[in-house]
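Chemist: Sending over a structure as structure tokens; questions will come in a sec.
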Amino acid sequence: MRRPARVDAVSLLRISDEVRTALAERRPVVALETTLVAHGFPSPDGVEVAAASESAVRAVGAVPATVGVLDGAIRVGLDADELERFTPAARKLGPRDLAGCAVAGDVGATTVGGTLAVARAVGIRFLGTGGIGGVHRGGPPLDISADLVALATARVLVVCSGAKSLLDIPATSELLETLGVPVLGYRTETVPLFYAAAGGPPASERVDDVVTAARIAAAHWSLGGAGLVLAQPPPESLDVSSLIEDALEEAARRGIAGQEVTPFVLASLHERSGGRTLEVNRALIVANARLAGELSVAFAAL
Ligand code: PSU
Ligand code: MN
């Protein structure tokens, strides 16, 4: 008996041998996103940042699992040639876009939210990135990043430098509390603002070492909790609040909205700061990948 052809969800997911083996052996694995590769840096800097993040994860004894959509499959674990394909032409994929992009056969770069959806599907517990999305300023319409909903549903800890200060930070902080997402400050009482170390909202808990963070994550998950954030201040702090105001005004003037806002403002900040935000962004992304690696190693040893 012939059945009608069906799209098998599992066949759309392709996990590299290295990541598959590490997961099967319960060794530490860290998910990394590709939106920052394709849209967070001018090409080809993003690819270099991704490679440096992978090296940082490996250096502390964990396996990097960079996520993206290529050739009709949702891929977990990419090689150097595959990373090169995440150019600015790639689609930006939140959780809702993964299936459509894979079926269409387009190249798709996953956001934190998109990467969390894939991590949840394959059982990866840690993710390293620059900053999470949140509640955008202004509106209506309200623009709330799908990163937050993904955090509320995926049992994954995200290491980042807080939420980008181009967002409505108080609203983002309140919504994370509403969604039951712990926001741990790594060696800080307050959540950093991506480029700036100080001036952010209070963290829900301060932690000073990765073993404590791993124990909190394990306890949160055993209670049925889902996502957590571990916020690490950037290695070098930069106050770009006035540049952000200018960039947001320009975005509004040009009618830039929705998914385009974050990449536009990041590019504009890179330009307006004479490349300084680029440097800080790169450094904090790699530092967060390393910390996510250390945390995954500590968790595996609990
Ligand atoms: N961090 C960076 N560069 C980026 C982003 C984060 O250093 O480009 C991306 C992340 O992928 C995050 C996304 O998930 O911005 C949020 O976009 P939005 O606000 O449109 O959901
Ligand atoms: Mn949005």
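According to this note's numbering, the stretch in the sequence shown is residues 129 to 430, in order.
Yeah, the Cβ is synthetic: ideal placement off N, Cα and C, and Gly gets one too.
Can you give me the C-alpha to C-alpha distance between A375 and L394, rounded to a whole angstrom?
Modeler: Each residue's Cα considered, the two are about 9 angstroms apart.
Chemist: Among the residues of its own chain, which have a CB less than 6 angstroms from the CB of V185, if the five just before and after it don't count?
Modeler: Taken in chain order, the residues that qualify are V158, P192, A417, G421.
Chemist: Cβ of Q360 versus every heavy atom of ligand 4: is any distance shorter than 8 angstroms?
Modeler: As far as ligands go, the structure on display features ligand 1 and ligand 2 and does not contain ligand 4.
Chemist: Compute the beta-carbon to beta-carbon distance between S301 and V319, rounded to the nearest angstrom, for a pair I have assumed lies under 8 angstroms.
Modeler: Right, their Cβ atoms sit about 7 angstroms apart.
Chemist: Secondary structure at P361, three-state DSSP: helix, strand or coil?
Modeler: Reduced to three states, the DSSP call for P361 is coil.
Chemist: If you draw a straight line from the C-alpha of I321 to the C-alpha of A201, how long is it?
Modeler: The question names Ile, but residue 321 in the sequence shown is Leu. Each residue's Cα considered, the two are about 34 angstroms apart.
Chemist: In angstroms with no decimal places, state the Cα-to-Cα distance between V414 and Y314.
Modeler: Taking the straight line joining both Cα atoms gives about 15 angstroms.
Chemist: Helix, strand or coil for P391, going by three-state DSSP, please let me know.
Modeler: P391: helix per DSSP, three-state reduction.
Chemist: If you measure between the beta carbons of F214 and G189, is that distance less than 9 angstroms?
Modeler: No, the Cβ-Cβ distance between F214 and G189 is not below 9 angstroms.
Chemist: Count the other CB atoms within 10 Å of the CB of T243; is the residue buried (16 or more) or exposed (fewer)?
Modeler: It counts as buried.
Chemist: Mark A232 as exposed unless 16 or more other C-beta atoms lie within 10 angstroms of its C-beta, in which case mark it buried.
Modeler: A232 comes out exposed.
Chemist: Considering R253, what are the terminal residues of the beta strand (DSSP E) in which it resides?
Modeler: R253 -> no beta strand (DSSP E), and no H or E assigned at all.
Chemist: For E364, which residues of its own chain have a beta-carbon under 7 angstroms away from its beta-carbon, when the five flanking residues on both sides are left out?
Modeler: For E364, where only same-chain residues beyond five positions count, the Cβ hits under 7 angstroms are V408, A411.
Chemist: Less than 8 angstroms between the CB of G325 and some heavy atom of ligand 1, yes or no?
Modeler: A small correction: the amino acid at residue 325 is Ala; Gly does not occupy that position in the sequence shown. Flag unset: Cβ of A325 not near ligand 1.
Chemist: Between the beta-carbon of A280 and the beta-carbon of G261, is there less than 9 angstroms?
Modeler: No; because the gap between Cβ atoms is not below 9 angstroms, this pair is not in contact.
Chemist: For the stretch 146-203, list the alpha helix (DSSP H) runs that are entirely contained and at least 4 residues long, ordered along the chain.
Modeler: Entirely contained in the stretch 146-203, the alpha helix (DSSP H) runs reaching 4 residues are, in chain order, 173-187.
Chemist: Could you tell me which of L304, V335, G290 sits nearest to G328, measuring between CA atoms?
Modeler: Here the closest residue by C-alpha is G290.
Chemist: Distance check for A426 and G383, CA to CA, integer angstroms please.
Modeler: The straight-line gap from Cα to Cα measures roughly 46 angstroms.
Chemist: Assuming V204 and V250 are in contact, meaning their beta carbons sit under 8 angstroms apart, how far apart are those beta carbons, in whole angstroms?
Modeler: The Cβ separation is near 6 angstroms, so the contact holds.
Chemist: Judging by CA-CA distance, which residue of V368, V165, E388 is the nearest neighbour of R400?
Modeler: Answer by Cα proximity: V368.
Chemist: Where does the unbroken beta strand (DSSP E) through T300 begin, and where does it stop?
Modeler: Where T300 is concerned, there is no enclosing beta strand (DSSP E), although the alpha helix (DSSP H) it sits in stretches over 297-306.
Chemist: Near S396, which residues of its chain fall below 6 angstroms by C-beta distance, leaving aside the five closest residues on each side in sequence?
Modeler: These residues qualify, in order along the chain: A375.
Chemist: Quick check: what's the CA-CA separation for I297 versus H264?
Modeler: I297 and H264: Cα-Cα distance of roughly 8 angstroms.
Chemist: Expressed to the nearest angstrom, what Euclidean distance is found between the alpha-carbon atoms of L366 and I372?
Modeler: Roughly 12 angstroms between the two C-alpha positions.
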